[in-house]
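Residue numbers (full-length UniProt numbering): 1 to 267.
If you want it as structure tokens, here you go:
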């Protein structure tokens, strides 16, 4: 329908105010589409409203197959896009200088992060965020696991999130995750000094062949920014390789994680 109208992926993405990767995933059947978004696309493609019910029924059937279906009305669209990316890509490169990233977090660590230092029981919104964070970790153990390479700053191991007990359990879990065959974790030590790219965390999602498409995501306080321009994604890819080069090796990184775990155990 899009092509018959002479429209490009960019044109469809502009209609939904999203990145072209999302449109591509919808068209390939790799990702679902919200009813409101589907209506906008159908309207743009010149489909009359009396023809919409069949398409809307298909979209509803697809949503029943996704774990996030009952959360779609509770989560921002850009966050649902992020979940879609993690479900569809084959590789993920992560850099975070000061925090254990969501895919590697324990429930207690995630709860403490989402609480933001506050005390008391979780409200419904934060409880949903914790659930989503843990559900997203399925990509590490799916039939074809996501291949993850991560560079974490030493500060991520030392920031006392949730207290000593929570951090000890988190570090033990991090060591376990690092031993998974599809996960590589390197620690950027304080001794490395100044490093490429500065303190900005980022993620690079890679789609499987033949597309070869890469998407960089940058997180800010109220959402995510998606970068798809090859010049930008190539730049972040080069920075990531430079970070890996100055970081500790995977074995040295595990040794450092074990060392911090031992310190918390003996304290």
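Using N, Cα and C, we set each Cβ at its ideal position, and we do this for glycine too.
Quick check on DSSP: helix, strand or coil for residue 33?
To locate residue 33, count along the chain shown from 1; it is residue 33. Coil, per DSSP.
Beta-carbon proximity check, residue 97 vs residue 153, cutoff 7 angstroms:
Numbered from its first residue, the chain shown carries residue 97 at position 97. Numbered from its first residue, the chain shown carries residue 153 at position 153. Between residue 97 and residue 153, the CB-CB gap stays under 7 angstroms.
Please report the straight-line C-alpha distance between residue 1 and residue 7, rounded to a whole angstrom.
The residue labelled residue 1 in the question sits at position 1 within the chain shown. The residue labelled residue 7 in the question sits at position 7 within the chain shown. Taking the straight line joining both Cα atoms gives about 9 angstroms.
Note down, in chain order, each residue of its chain lying with its Cβ closer than 6 angstroms to the Cβ of residue 197, except the 5 sequence neighbours on either side.
As a working note, residue 197 is residue 197 in the chain shown. Taken in chain order, the residues that qualify are 239.
Between which two residues does the alpha helix (DSSP H) harbouring residue 260 extend?
Counting from one through the chain shown, the residue named residue 260 turns up at place 260. For residue 260, the uninterrupted alpha helix (DSSP H) run begins and ends at 250-266, by DSSP.
Residue 188 beta carbon less than 7 angstroms from that of residue 151:
The count along the chain shown starts at 1 and reaches residue 151 at position 151. The count along the chain shown starts at 1 and reaches residue 188 at position 188. Yes, the pair counts as a contact, with Cβ atoms nearer than the cut-off.
Any idea what DSSP makes of residue 13, helix, strand or coil?
The count along the chain shown starts at 1 and reaches residue 13 at position 13. It is helical.
Residue 45 to residue 25, Cα distance in whole Å?
Position 45 of the chain shown, counting from 1, holds the residue named residue 45. Position 25 of the chain shown, counting from 1, holds the residue named residue 25. Their backbone Cα atoms lie some 18 angstroms apart in a straight line.
So what does residue 150 bridge to, in DSSP terms?
Taking the first residue of the chain shown as position 1, residue 150 is located at position 150. For residue 150, which the question treats as bridged, DSSP gives the partners 94 and 185.
According to DSSP, residues forming a beta bridge with residue 162:
Counting from one through the chain shown, the residue named residue 162 turns up at place 162. As far as DSSP is concerned, residue 162 takes part in no beta bridge.
Are the region 205-214 and the region 100-116 in contact at 8 angstroms, needing three or more beta carbon pairs?
The region 205-214 is not in contact with the region 100-116.
Pull up the CB-CB distance for residue 260 and residue 157, whole angstroms please, since I reckon it's below 8 angstroms.
Working through the chain shown from its first residue, we reach residue 260 at position 260. Working through the chain shown from its first residue, we reach residue 157 at position 157. Contact between residue 260 and residue 157 holds: their C-beta atoms lie close to 5 angstroms from each other, under 8 angstroms.
Mind reading off the beta-carbon distance from residue 178 to residue 254? Whole number of angstroms is fine, and I expect it under 8 angstroms.
Taking the first residue of the chain shown as 1, we reach residue 178 at position 178. Taking the first residue of the chain shown as 1, we reach residue 254 at position 254. A Cβ-Cβ separation of about 6 angstroms places residue 178 in contact with residue 254 under the 8 angstroms criterion.
At which residues does the alpha helix (DSSP H) containing residue 240 begin and terminate?
Here residue 240 refers to the residue found at position 240 of the chain shown. Segment 230-246, the alpha helix (DSSP H) holding residue 240.
Take residue 262 as the anchor and find which of 87, 167 and 110 has the nearest alpha-carbon.
Counting from 1 along the chain shown, the entry for residue 262 is found at position 262. Closest by alpha carbon: 167.
Answer with buried or exposed for residue 201, where buried requires no fewer than 16 other C-beta atoms within 10 angstroms of its C-beta.
Locating residue 201 in the chain shown gives position 201, where the first residue counts as 1. With a threshold of 16 other beta carbon atoms within 10 Å, residue 201 meets it and is buried.
From what residue to what residue does the alpha helix (DSSP H) around residue 113 run?
Counted from its first residue, the chain shown places residue 113 at position 113. It spans 107-115 - the alpha helix (DSSP H) in which residue 113 sits, taken as one unbroken run.
Between the Cα of residue 225 and those of 231, 232, 89 and 216, spot the shortest distance and give me the residue it belongs to.
Here residue 225 refers to the residue found at position 225 when the chain shown is read from its first residue. Relative to residue 225, the option among 231, 232, 89 and 216 whose CA is nearest is 216.
Simplified DSSP state of residue 144, which is helix, strand or coil
Translated into positions along the chain shown, residue 144 becomes position 144. If DSSP states are grouped into helix, strand and coil, residue 144 belongs with coil.
Distance, Cα to Cα, residue 135 vs residue 143?
Here residue 135 refers to the residue found at position 135 of the chain shown. Here residue 143 refers to the residue found at position 143 of the chain shown. Rounded to the nearest angstrom, the gap between the Cα atoms of residue 135 and residue 143 is 15 angstroms.
At which residues does the alpha helix (DSSP H) containing residue 132 begin and terminate?
One-based indexing of the chain shown puts residue 132 at position 132. Segment 124-135, the alpha helix (DSSP H) holding residue 132.
Report back the beta-carbon spacing between residue 174 and residue 257 to the nearest angstrom; my notes put them in contact at under 8 angstroms.
The sequence position of residue 174 within the chain shown is 174, counting from 1. The sequence position of residue 257 within the chain shown is 257, counting from 1. Going by Cβ atoms, the distance from residue 174 to residue 257 rounds to 6 angstroms, so yes, they are a contact pair.
Between which two residues does the alpha helix (DSSP H) harbouring residue 214 extend?
For the purposes of this step, residue 214 is taken as the residue at position 214 of the chain shown. Per DSSP, residue 214 lies in no alpha helix (DSSP H); the unbroken beta strand (DSSP E) holding it starts and ends at 214-220.
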